[in-house]
Amino acid sequence: MRTYATALAILSFILLGVACSSEVDEGGGTLPPGIEDDLVPDVDYEVYLYFNPDAPVVVERDRFLASDQEEVLTLGGEDQVSITSVSMVATSLEEFGGILGFATTTDAALAGNLLAQKPIEDPPTTSQVATTTVQIIRGDAEWTTDLSSQYGSAELVSLKERNQQVWNMLTHLPVSEEEPPIAAGFISTGGNIIQEIADVAGIHVTGLDTAFGIVRVDNVAFGIYSDLPESIPGEIDVEMLDTLDTGVVLVGGAGYAGVAVAFLVRSIAGKIGMETIDLENTNARYLELEDGHLVLRNKGSLIYATVAGTKDRAEELMLSNRFEGV
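Note that our numbering gives residue 1254 to position 62 of the sequence shown, counting from 1, and the numbers run on in steps of one.
Here it is, written out as structure tokens:
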């Protein structure tokens, strides 16, 4: 025990000596088309998500209803709608807002009508239809009031204008023009939002949150890669994500110099039982999760993680030649 405590003390002094607030420069990673011009309210938020696939995605219209509203489906209209884009910001799963883009004005009107049917006992949900888009805001806190006000007055800014450092981290996603991400964004590591999302998705993130926390990453940029079908089924689960070859790349700028981050990654790997693997002559750390596979590595002060349904897919996303823009 004394040896372990001594090692921790020495490590603390080392980190105090190398801790830095170095900024991340803009990279050349491949992002979903249109994200640079996407406009969001100039407010604080924990999550930003931008979804823009290369073709409209058909979803069941009951996705816009509360779970006990099957009777609303008797109102008539199409059973499905086609979504072209999503731009959302959130502070939690109960407080969020954004713009949904649809393929037609009919789809937008139907989605707006269904959203308006949400029961009063739910957190308040408001929607506003404008041609092929629907503005949606959920929650009753002061934050959602500010959000509504800014959407109404068009006081919107790009993510790059709002947070240059977060934008720069996004641009360090893989260079992958043959397989651009279908969605990208960022998530704060300071609160419980990562665990909330993981719980809803049925994904265990033990190890991943530990890694980003220890290396002092405040915000994590992410890209989602998937072979999306033309129509998304009513239930999205881990098995379906595996079928679609879905994988996630995460990147964060650590609060320490590169040499310290490399040391911490090795320490974290040992602590949570990760094994060392070789990827094109580059060491990385690997962990089999209960419902997925995690690969972890750093490049300088940037820390990368990939999560996928298979080890091969996680390794593919982490291969060093996919990070030419770093």
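C-beta: ideal position from N, C-alpha, C; glycine also.
Remember, it's a predicted structure, so these values are computed and weren't measured experimentally.
Do you know offhand how far Gln1178's Cα is from Ile1464's? Residue 1178 lies beyond the residue range present for the chain, which begins at 1193 and ends at 1518; the question has no answer from this structure.
- Determine the extent of the alpha helix (DSSP H) in which Gly1331 is found, giving its start and end residues. As a position in the sequence shown, residue 1331 is number 139, starting the count at 1. Looking at the DSSP string, Gly1331 is not in any alpha helix (DSSP H), and its letter there is neither H nor E.
Under the three-state reduction of DSSP, which class applies to Tyr1417: helix, strand or coil? For the purposes of this step, residue 1417 is taken as the residue at position 225 of the sequence shown. Tyr1417 falls in the strand class under three-state DSSP.
_If you measure between the beta carbons of Val1367 and Gly1221, is that distance less than 7 angstroms?_
Taking the sequence shown and counting its residues from 1, the one referred to as residue 1367 is at position 175. Taking the sequence shown and counting its residues from 1, the one referred to as residue 1221 is at position 29. Yes, these two residues count as a Cβ contact at 7 angstroms.
Practice problem: Check whether the Cβ atoms of Val1249 and Leu1420 lie closer than 7 angstroms to each other. | Solution: The residue labelled residue 1249 in the question sits at position 57 within the sequence shown. The residue labelled residue 1420 in the question sits at position 228 within the sequence shown. Inclusion of Val1249 and Leu1420 in the CB contact set at 7 angstroms is warranted, their separation being smaller than that value.
Query - Pairwise C-alpha distance: Thr1276 and Thr1296 - result: As a working note, residue 1296 is residue 104 in the sequence shown. As a working note, residue 1276 is residue 84 in the sequence shown. When only Cα atoms are considered, Thr1296 and Thr1276 end up about 9 angstroms apart.
8 angstroms CB neighbourhood of Thr1363 in its chain, flanking five on each side removed: Counted from its first residue, the sequence shown places residue 1363 at position 171. Excluding positions up to five away in sequence, the list reads Glu1218, Gly1219, Gly1220, Gly1221, Leu1223, Gly1517.
Requested in this report: Measure the alpha-carbon distance for Asp1234 versus Val1487 and round it to whole angstroms.
Outcome: Translated into positions along the sequence shown, residue 1234 becomes position 42. Translated into positions along the sequence shown, residue 1487 becomes position 295. Spanning the two alpha carbons is a distance of roughly 34 angstroms.
query: By how many angstroms is the C-alpha of Gly1444 removed from the C-alpha of Val1412?
result: For the purposes of this step, residue 1412 is taken as the residue at position 220 of the sequence shown. For the purposes of this step, residue 1444 is taken as the residue at position 252 of the sequence shown. Rounded to whole angstroms, the gap between the alpha carbons of Val1412 and Gly1444 is 5 angstroms.
*Given that a residue counts as buried once 16 or more other Cβ atoms are within 10 Å of its Cβ, and exposed if not, what is Asp1504?*
Working through the sequence shown from its first residue, we reach residue 1504 at position 312. Asp1504 counts as exposed, since fewer than 16 other beta carbons sit within 10 angstroms of its beta carbon.
Residues in the same chain with beta-carbon distance under 8 angstroms from Asp1229, minus the five sequence neighbours each way, listed in chain order, please.
As a first step, residue 1229 must be located in the sequence shown, where it is residue number 37. Counting only Cβ-Cβ distances below 8 angstroms, and skipping sequence neighbours, we find Ser1350.
Whole-angstrom C-beta distance between Val1281 and Tyr1240, which should lie under 8 angstroms: Residue 1240 sits at position 48 when you count from the first residue of the sequence shown. Residue 1281 sits at position 89 when you count from the first residue of the sequence shown. Tyr1240 to Val1281, Cβ: 5 angstroms. Contact.
Quiz item: Hey, Ile1416 and Val1440: beta-carbon distance below 7 angstroms or not?
Solution: On the sequence shown, position 224 is the one that residue 1416 refers to. On the sequence shown, position 248 is the one that residue 1440 refers to. Cβ distance < 7 angstroms, so Ile1416 and Val1440 count as in contact.
ask   = Taking the runs of the alpha helix (DSSP H) that are 4 residues or longer, which of them lie wholly in the region 1282–1346?
value = The region 1282–1346 contains, as complete alpha helix (DSSP H) runs of 4+ residues, the segments 1297–1307, 1334–1345 (chain order).
Helix, strand or coil for Leu1241? Go by DSSP, reduced to three states. Within the sequence shown, the letter at position 49 stands for residue 1241. When secondary structure is reduced to three states using DSSP, Leu1241 falls in the strand class.
**Item:** For Ser1459, the three-state DSSP class (helix, strand or coil)
**Value:** Within the sequence shown, numbered from 1, the residue matching residue 1459 stands at position 267. The answer is helix: DSSP assigns Ser1459 an H, G or I state.
Are the beta-carbon atoms of Ile1329 and Gly1304 separated by less than 7 angstroms? Within the sequence shown, residue 1329 is the residue found at index 137, counting from 1. Within the sequence shown, residue 1304 is the residue found at index 112, counting from 1. No, the Cβ-Cβ distance between Ile1329 and Gly1304 is not below 7 angstroms.
*From Gly1492 to Glu1286, what distance separates their C-alpha atoms?*
Sequence index remark: in the sequence shown, residue 1492 carries index 300 (1-based). Sequence index remark: in the sequence shown, residue 1286 carries index 94 (1-based). In this structure, the alpha-carbon of Gly1492 lies about 36 angstroms from that of Glu1286.
N-terminal and C-terminal residue of the alpha helix (DSSP H) that Asn1360 is part of: For the purposes of this step, residue 1360 is taken as the residue at position 168 of the sequence shown. Element bounds for Asn1360: 1356–1362.
Cβ of Phe1243 within 7 angstroms of Cβ of Leu1307? In the sequence shown, counting from the first residue as 1, residue 1243 sits at position 51. In the sequence shown, counting from the first residue as 1, residue 1307 sits at position 115. The answer is no: Cβ separation not under 7 angstroms.
Label Thr1325 either buried or exposed according to how many other C-beta atoms from any shown protein chain fall within 10 Å of its C-beta, with 16 as the threshold for buried. On the sequence shown, residue 1325 is found 133 positions in, with the first residue counted as 1. Around the beta-carbon of Thr1325, 16 or more other beta-carbon atoms lie within 10 Å, marking it buried.
For Gly1377 and Phe1414, believed in contact at Cβ under 8 angstroms, the rounded distance: The sequence position of residue 1414 within the sequence shown is 222, counting from 1. The sequence position of residue 1377 within the sequence shown is 185, counting from 1. Indeed they touch by this definition, with Cβ atoms about 6 angstroms apart.
So what does Lys1491 bridge to, in DSSP terms? For this step, residue 1491 is matched to residue 299 along the sequence shown. According to DSSP, Lys1491 bridges with Leu1494.
Own chain residues within Cβ distance below 7 angstroms of Val1273, not counting five before or after
For the purposes of this step, residue 1273 is taken as residue 81 along the sequence shown, with counting starting at 1. Taken in chain order, the residues that qualify are Val1251, Arg1253, Phe1294, Asp1299, Leu1302, Ala1303.
request  = Using the Cα positions of Asn1475 and Thr1468, report the straight-line distance between them to the nearest angstrom.
outcome  = For the purposes of this step, residue 1475 is taken as residue 283 along the sequence shown, with counting starting at 1. For the purposes of this step, residue 1468 is taken as residue 276 along the sequence shown, with counting starting at 1. About 7 angstroms.
* To do: Assign Asp1470 to one of three DSSP states: helix, strand, or coil.
  => Here the question's residue 1470 lines up with position 278 in the sequence shown. DSSP places Asp1470 in strand when its eight states are reduced to three.
Item to complete: Apply the 10 Å Cβ neighbour rule to Glu1215 and answer buried if 16 or more other Cβ atoms are within range, or exposed otherwise.
Response: Here the question's residue 1215 lines up with position 23 in the sequence shown. It is exposed - the Cβ of Glu1215 has fewer than 16 other Cβ atoms within 10 Å.
*asked:* The alpha helix (DSSP H) that contains Ala1506, what's its start and end?
replied: What you label residue 1506 is simply residue 314 of the sequence shown in a count that begins at 1. In this chain, the alpha helix (DSSP H) harbouring Ala1506 covers 1503–1510.
For Pro1245 and Ile1374, what's the separation of their Cα atoms in angstroms? If you number the sequence shown from 1, residue 1245 lands on position 53. If you number the sequence shown from 1, residue 1374 lands on position 182. It is roughly 5 angstroms from the alpha-carbon of Pro1245 to the alpha-carbon of Ile1374.
request  = In the DSSP assignment, find the unbroken beta strand (DSSP E) run with Ile1464 in it and report its ends.
outcome  = The count along the sequence shown starts at 1 and reaches residue 1464 at position 272. Membership of Ile1464 in any beta strand (DSSP E) is not indicated, and neither H nor E is assigned to it by DSSP.
- Query: Excluding five sequence neighbours on each side, which residues of the same chain lie with their C-beta closer than 6 angstroms to the C-beta of Ala1506?
  - Reply: As a first step, residue 1506 must be located in the sequence shown, where it is residue number 314. Within the same chain, Ala1506 has close Cβ partners His1485, Val1487, Thr1498, Ala1500.
*Return helix, strand or coil for Val1235, following the three-state DSSP convention.*
In the sequence shown, the residue the question calls residue 1235 occupies position 43. In the three-state reduction of the DSSP assignment, Val1235 falls in the coil class, being assigned neither a helical nor a strand state.
Exercise. Please state if the CB of Thr1381 and the CB of Trp1335 are separated by a distance shorter than 7 angstroms.
Key: On the sequence shown, residue 1335 is found 143 positions in, with the first residue counted as 1. On the sequence shown, residue 1381 is found 189 positions in, with the first residue counted as 1. Trp1335 places its beta carbon 7 angstroms or farther from that of Thr1381.
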